[in-house]
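Residue numbers (the working numbering), protein chains in the order written: chain R, 138 to 595; chain D, 48 to 465; chain S, 2 to 261.
Read through the structure below, which is laid out as structure tokens, and then see the notes.
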Amino acid sequence: MTFNAAALLLLIAGLALIGWLAGRARSNLLAGRAGEKLHSRPQYHGWYVALWLFAPAALFLAVWSSMSPALITNQVLTSEAAQSLPSFGFERGAILSDARAVAQGRQAAVRLPAAAPLVKPYADASHKYAWIGIAAMLALALAGGLYAFTRIKPDFRARTRVEKIVMLFLLLASLVAILTTFGIVLSLLFESIRFFRLVSPAELLFGTEWAPTSGAPQPDTFGGIPLFWGTILIGAIIAMIVAIPIGMMTAVYLTQYAAPAVRKWVKPILEILAGVPTVVYGYFAALTVAPALREFAVMLGIPNASTESALAAGIVMGVMIIPFVSSMADDSINAVPQAMRDGSLALGATPNETIRQVLIPAALPGVMGGILLAVSRAIGETMIVVMAAGLSANMTANPFASVTTVTAQIVKLLTGDQEFDSAKTLAAFALGLVLFIVTLLLNIVALRIVKKYREAYE
Amino acid sequence: MNRQTAPTDWKGAVMQKRIAGRYAAERRFRLMGLGAVLLSGAFLAFLLFVMVGNGARGFMYTHVEVPVDFRAMPLTVDKTRLGDADADQVIANAGLADIVAFAADEALGTDGSKLISENAWKEVRSAIKDNPELLNARTVFDLPASSEVDIAAKEGAKGALGAKVDALEKDGKLSTGIHWPFFRNADATDPAVAGIWGALKGSVLTIFIAFLIAFPTGVLAALYLEEYAPKNRWTDLIEVSINNLAAVPSIIFGLLALAVFINWFGLCQASPLVGGLTLALMTMPVIVIASRNAIKSVPPSIRDAALGVGASPVQVVFHHVLPLALPGILTGTIIGMARALGETAPLLLVGMRAFIGDVPGGICSPSTVLPMQIFLWSDEVDRGFVEKTSAAIIVLLVVLLSMNAFAIYLRNKFEKRW
Amino acid sequence: MTQDDLTITDPKMKAHGVNVFYGEKQAINDVSIDVGTDLVTAFIGPSGCGKSTFLRSLNRMNDTVASARVTGQIELDGEDIYAPSMDVVQLRARVGMVFQKPNPFPKSIYDNVGYGPRIHGLAPNKADLDVIVERALVRAGLWDEVKDRLQESGTALSGGQQQRLCIARAIAVDPEVILMDEPCSALDPIATAKIEELIHELRGKYAIVIVTHNMQQAARVSQRTAFFHLGTLVEYGKTTDIFTNPKQERTKDYITGRYG
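Structure representation (structure tokens):
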């Protein structure tokens, strides 16, 4: 007997269907007997019963299925057989999951001999908690269903009640966004504070030495400046040097010069460029662009040319951002009133004079907002830099050298074999906090600029 | 005449020269624009060209003819057990691998067993399971070559290996065919048997979970904000949250998932469940924004008409507004889901980067996703994985492009002008 | 000066048999008209009658609409403006235009006026440009109001000032003809009066063509009036004649307010 959430969900859904039918039938019956007119149509009575039956039980199911694995493991760990487990790390986890797999019948036999004595405690505990869960859930479902069923009367305002519940669901759904935001802020803050107890915020923000992997003799150093510089070099400088001119000129050409047929074909192509997953760009950067750039650098005689270069990551990231910049610029230029363009053309300006001296200055706030959003996207981009920029924290302006970024280090710190509470994993959250704050500020400023700009021409 | 100044001499040589210059500038500018468009297109074409060029070969694999004579080298197994669940184990224990290696040495010369994949015997095993009679006969198997031989056969090679491969080719012992294990298997350390099915199934499960959570939540939230929300500070807060979440770097969602789902709730690590939850949080704001735009485009006259015949506000929305807005909502959802499907960074942090040799069984078993498989393979040293990586990329791009194309089709088909 | 008595002996612009099409739809049907050099010519007619369309074909602003096509002949000083040898950039400098809604660029007042002279290279240096800008603003009657804040944005001015700024902008390139497309329709009566006054002052310096839906305005500012209806030119003559003694029944109906 194991706890299968999906099957149980189906079970209570089935019960809810029965509840729906029963509620509808009862309301019809009562109305017929009393000869009264129902306030709400029968199916609303059905819905009322079904919702009361389903919602509490489903909620319990969700809570229970996220809680019970921990409860089961706890009980197993108190068992006698668990006392001989290694106290930490990978091996302990592997043994436990092996025993769990066998106990739940997903695996015929244990792979690790140490897991064998744990199978029975696991099976017992799973069994116990599964029965507790199922019993509690069914009790909740029946109680809810019965309560609703007894309330059905011809003049009962079932529709209003159902609609109130629906509204509650709508409100809850929209609160998920706030919950997520709070979740992000709190989890980042919480872990960062733990980090800042070990390392001062000043060191992270202003330290110039990043060496969290220096090993035992020297202490780890968490100076963030090289990461911030690498992030800016790749995301805000090189990528933008590629993306802004090409994106802007693409937008200008498409809005001002291209025939509608060309526009119709080119825009989806740009959308494809935007839809290519970042891991593909990263692979492309590492496989094709970086080696080519290295050869080029060696040809020029540039020292420190590396196969993992800021330039390769930056250029490919710029290409990725082109569609974004071009669609923001496209929107901004289109938002400039036609009268402005006509005014300039009527003075005898050529289209290019009109674009450069009237349209782009007029669209500038919108374009700037778009560029800020693009920068925010570039500095938060992960896969390209993980795959192509490298991990050495260099403070260099040489674009052919390898640099590292905030996102690349977050991945590095969290994907090694470390204890979760070590300064290294906590550092990842502190870096995440810095990244979150910076991108949040960029986004807020950018959205405000764009909004103001839209209002100016409406 | 009342003019105070002489009229401008538009026909004069100076003015004509200036005009010519201005038109030249105009042409240059226009060319620059065209150049930018072409450059973007060239990037895309180059990227696709490189991926297809590398990847097309990844769908193919070289096989070597190896005759195995079980009469000369008997495999001692109890034939009645070949239908059992643990038949694989039984055959492996009987030493089939050694027999196949020996047969390869015999057929292909010294070190012949190095020319075939170290997992080649597994193909023989499944053939035996299908037809136990093979154990009484001499059969010629087309076994997968080793990764080096495969590359040498495809690209040509120098030295001893190259000579060997050329000789095999001349003898007609090499054949190339579609590499079905690539579509059937999960990850493996040997390119000859590594496949994308495990990752593909992981992706499907993950996206399914993400859709199941993000779609209803997103649509309901959009309905609330667009149709019912009062204008107050709470509503503003919700709106600001959604707009910002849509622009938060994806890796931040990975940190959130690591801290909350794994360390706090203790949900199964590296599973489609956690991955799906993470992607759901990431995709929800996108769906909310798309849905709000779709709901906004339903004209108020429809609402007035429904209210006018006595429908309640909830009935108005669920009977009239939602059905009319649905095509737009679905378009936005598909595009958001396609983005989630290509996402890698947040999943790195919830443990989905581990080597998973099994096809995931359920939403709580360790699994990986297609983009992650690409990332993992891109790091492999074995050269055979280069084309596997590109082949996996082609599969991913085909899936994503079809999703996007479907979204565009949906938009064009149901787009209404009110 | 009683220019009302003059007949047009030396037309600035001559249109002959002009048709304008938007795609399949014909917006202007066989219009022929002469625009006098020192006169203000008003185009009147009910909305949608094609008067603005015809006006926009006089400086080839219809070129910016992809589907628009113009046939027939329009001459400026005897030169066909649709001939391949005619340069549209220069044409528009010679035939300036003021639009229905004031459309100053989001630049300073000085740069708004200096924009045309700069792109056409009419001012070799800053001092020359200063002179041109000042003269244009003076002529547009705006100088006294803005001379102390030339660096402020043109969009910060009031609606009437913005429209005079647009007139100054057109004057600054020293055009021969100024086309005005309902220049007062977005303005209040006081601003309208100022613009009308300005048109009086500009008469004789430039050939002016004004489109208006306001018949009183046409009567006040123009010496010649053309009445358009459904894409055709119904009647064209001295303004006094059109308003007091129209020859066509349709003109009379419109003037007396039967439709419009």
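All C-beta atoms in this analysis are idealised placements derived from N, C-alpha and C, irrespective of residue type, glycine included.
Exercise. Whose CA, out of D:Asp135, D:Ile349, D:Leu267, D:Lys64, lies closest to the CA of Phe306 (chain R)?
Worked result: D:Leu267
Exercise. Apart from the five residues on each side of it in sequence, which residues of its chain come closer than 6 Å, Cβ to Cβ, to Gln51 (chain D)?
Worked result: The predicted position of Gln51 (chain D) is uncertain, since its pLDDT is 47 and thus under 50; a value taken from the coordinates is nonetheless stated next. Nothing listed; no residue qualifies.
Problem set entry | Of the residues S:Thr38, S:Tyr23, S:Ile34, S:Ala16, the one placed nearest Glu177 (chain S), counting alpha carbons only | S:Thr38
Problem set entry | 4 or more residues per run - each alpha helix (DSSP H) lying fully within the region 117-155 of chain S | 127-140, 144-147
Exercise. Residues of chain R with a CB under 9 Å from the CB of Pro418 (chain D): which are they?
Worked result: Pro414, Thr415, Val416, Val417, Met520
Exercise. Any Cβ of chain D within less than 7 Å of the Cβ of Ile149 (chain R)?
Worked result: no
Exercise. Which chain D residues are close to Gly122 (chain S), counting only those with a beta carbon under 7 Å from its beta carbon?
Worked result: Arg65
Exercise. Is Ala16 (chain S) closer than 7 Å to Lys102 (chain S) when the C-beta atoms are compared?
Worked result: no
For this session: Mind reading off the beta-carbon distance from Gln546 (chain R) to Leu568 (chain R)? Whole number of angstroms is fine, and I expect it under 8 Å.
Result: 6 Å
Problem set entry | Coarse secondary structure for Arg61 (chain S), derived from DSSP in three states | coil
Exercise. Alpha helix (DSSP H) containing Phe319 (chain R): first to last residue?
Worked result: 295-335
For this session: On a CA-only basis, which of R:Val322, R:Ile470, R:Val313, R:Leu198 is nearest Tyr266 (chain R)? Give me that one, please.
Result: R:Leu198
Exercise. Checking contacts by CB at 7 Å: is Asp242 (chain S) closer than that to chain D?
Worked result: no
Exercise. Cβ of Ala339 (chain R) within 7 Å of Cβ of Ile458 (chain R)?
Worked result: no
Exercise. If you draw a straight line from the C-alpha of Glu445 (chain R) to the C-alpha of Trp168 (chain D), how long is it?
Worked result: 40 Å
For this session: State the beta-bridge partners of Ile29 (chain S) as determined by DSSP.
Result: S:Val21
For this session: Can you tell me which of the three DSSP states Thr72 (chain S) falls into?
Result: strand
For this session: Inspect the beta-carbon positions of Leu448 (chain R) and Phe537 (chain R) and report whether they are closer than 7 Å.
Result: yes
For this session: Check whether the Cβ of Val368 (chain D) lies closer than 7 Å to any Cβ atom in chain R.
Result: no
Exercise. So, does the CB of Gln1 (chain S) fall closer than 7 Å to a CB anywhere in chain D?
Worked result: One cannot answer for residue 1 (chain S) here, as it falls past the ends of chain S, which runs 2 to 261.
Exercise. Between Thr282 (chain D) and chain S, is there a C-beta pair that is closer than 7 Å?
Worked result: no
For this session: Count the CB pairs spanning the region 411-431 of chain D and the region 311-320 of chain D that are closer than 8 Å, and state whether there are at least three.
Result: yes
Problem set entry | Three-state class that DSSP yields for Thr10 (chain S) in the structure shown | coil
Exercise. Is the CB of Asp1 (chain S) under 7 Å away from at least one CB in chain D?
Worked result: Nothing about residue 1 (chain S) can be read from this structure; chain S reaches only from 2 to 261.
Problem set entry | Residues near Ala401 (chain D) by beta carbon distance below 6 Å, same chain, minus five either side | Ala317
Problem set entry | Assigned exposure category for Phe433 (chain R) - 16 Cβ within 10 Å defines buried | exposed
Problem set entry | Per-residue burial, Thr127 (chain D) [other beta carbons within 10 Å of its own, 16 or more giving buried] | exposed
Exercise. Under a CB-based cut-off of 7 Å, is Thr368 (chain R) close to chain S?
Worked result: no
For this session: Output the distance between the C-alpha atoms of Ala220 (chain S) and Ile581 (chain R), rounded to the nearest integer angstrom.
Result: 55 Å
Exercise. Between Ile381 (chain D) and Asn340 (chain D), what straight-line distance do the alpha-carbon atoms span, to the nearest angstrom?
Worked result: 15 Å
Exercise. If you count every other CB in all the chains shown that lies within 10 Å of the CB of Trp189 (chain R), and 16 or more means buried, which is it?
Worked result: buried
Problem set entry | Within 7 Å, strictly: CB atoms of Leu326 (chain D) and Ala387 (chain D) | yes
For this session: Step through the CB atoms of chain S and report whether any lies within less than 7 Å of the CB of Leu341 (chain R).
Result: no
For this session: Measure the alpha-carbon distance for His214 (chain S) versus Arg493 (chain R) and round it to whole angstroms.
Result: 35 Å
Exercise. Along chain D, which residues have their Cβ under 7 Å away from the Cβ of Asp88 (chain S)?
Worked result: Ile66
Problem set entry | Backbone secondary structure at Ile299 (chain D) - three-state DSSP | helix
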